[in-house]
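Report on the following structure.
In UniProt numbering, the protein residues as written are 1 to 334.
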């Protein structure tokens with residue numbers, strides 16, 4: 001099967017789209033021929049000897065995409081783009097009979113132009129499948145694409161009574177630079193020198209060197225740059241401070257009690273749903289939270305084993321880590 005995947009990523013829009021599609025491509029590569037179309041910022045992250053990566057031009061992308069679809073004659077088109085333009089799909093459908101799949105799309109008029117939509121984030125925490133015109137829409141955490149390692153990490157993770165390790169991960173680009181607020185909060189936790197703080201910085205975060213410089217004054221902390229094994233890092237953690245994107249799902253799936261600092265408004269909706277189920281502590285948009293308030297919440301969670309136990313147990317049933325298998329099966333069945 002010939003597949004073209006369109007996904008962008010970078011400092012301003014985050015790396016979630018690119019991360020999700022790279023994972024999916026890795027799961028289906030043995031049965032497909034894959035070409036990625038992306039922006040310059042995400043091209044190095046998506047680079048692999050398993051598929052071709054082509055950088056889209058900044059201008060006249062619709063014409064470029066139609067031309068490439070005519071040249072490649074794909075069987076399947078996958079779009080994981082922020083606010084996918086409706087006119088692109090209309091033009092594509094004029095020139096190709098390829099099946100079309102979108103990720104994280106909730107606009108009905110756009111959905112009606114597709115064959116399937118996979119929304120791991122949109123929708124509630126109870127997964128469902130609905131038909132909208134000719135499109136099948138799969139919604140909920142059952143369809144959240146995570147690294148295969150999380151399914152195993154979920155099975156093996158055990159919550160320890162003493163909180164010794166705190167993991168911090170604020171997305172692939174950390175656009176609001178919330179990591180500095182978390183580091184300042186750490187300095188205000190009285191017994192922080194008895195703990196280990198692991199700060200994970202995504203490859204699209206331009207301030208990683210500044211973070212590293214700050215860590216020279218924090219002997220209890222270390223920085224991990226662009227990890228390929230987040231499941232292993234979370235498995236070491238007794239609690240976490242995360243943003244409200246893919247990392248939140250990874251954390252809930254593993255079973256790590258967490259505090260959520262949302263980077264953007266739409267993340268507050270997702271984090272709020274987990275908080276309502278007692279599976280996370282959501283503080284709202286991170287830029288509106290003071291270091292003092294964050295330090296208090298971090299200190300309270302670290303000291304409160306019953307609180308962490310409740311978060312762990314409430315989150316355990318919500319994300320099973322098998323979404324990548326379900327998404328691959330949907331693509332094969334189209």
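Think of the CB as a built atom: it goes at the ideal place given N, C-alpha and C, for glycine as much as any other residue.
### Task
Scan the stretch 204 to 275 and note each continuous beta strand (DSSP E) run of 3 residues or more that stays entirely inside, going in chain order.
221 to 225, 239 to 242, 258 to 262
#### Entry: residue 309, buried or exposed, once every other Cβ within 10 Å from all chains shown has been counted against 16
exposed
### Query
Could you give the uninterrupted runs of the alpha helix (DSSP H) lying entirely in the stretch 72 to 130, keeping only those of 4 residues or more?
86 to 95, 108 to 111
### Segment contact, 8 Å Cβ cut-off, at least three pairs: the stretch 203 to 213 with the stretch 124 to 138
no
### Task
Rank 152, 22, 113 by C-alpha distance to the C-alpha of residue 339 and give the top, closest one.
Only positions 1 to 334 of the chain appear in the structure, and residue 339 is not among them; the question remains open.
### Query
In terms of residues, what are the limits of the alpha helix (DSSP H) holding residue 315?
305 to 315
#### Entry: Proximity winner among 40, 85, 31, relative to residue 75 (alpha-carbon distances)
31
#### Entry: C-alpha distance - residue 55 paired with residue 159, whole-angstrom precision
44 Å
### Task
Starting from residue 335, trace the beta strand (DSSP E) both ways and give me its first and last residue.
Past the boundaries of the shown model lies residue 335; the chain is included only from 1 to 334, so the question cannot be answered.
### Task
Would you grab the beta carbon distance between residue 81 and residue 100 for me? Rounded to a whole angstrom, and I think it's under 8 Å.
No, residue 81 and residue 100 are not in contact; Cβ-Cβ is about 12 Å, not under 8 Å.
### Task
Give the range of the alpha helix (DSSP H) segment to which residue 334 is assigned.
Unbroken run through residue 334: none, as it is neither H nor E.
### Query
For the putative contact between residue 224 and residue 189, defined by C-beta atoms under 8 Å, what is the C-beta separation to the nearest angstrom?
Wrong, their Cβ atoms sit about 20 Å apart, outside the cutoff.
### Query
residue 268 to residue 170, Cα distance in whole Å?
14 Å
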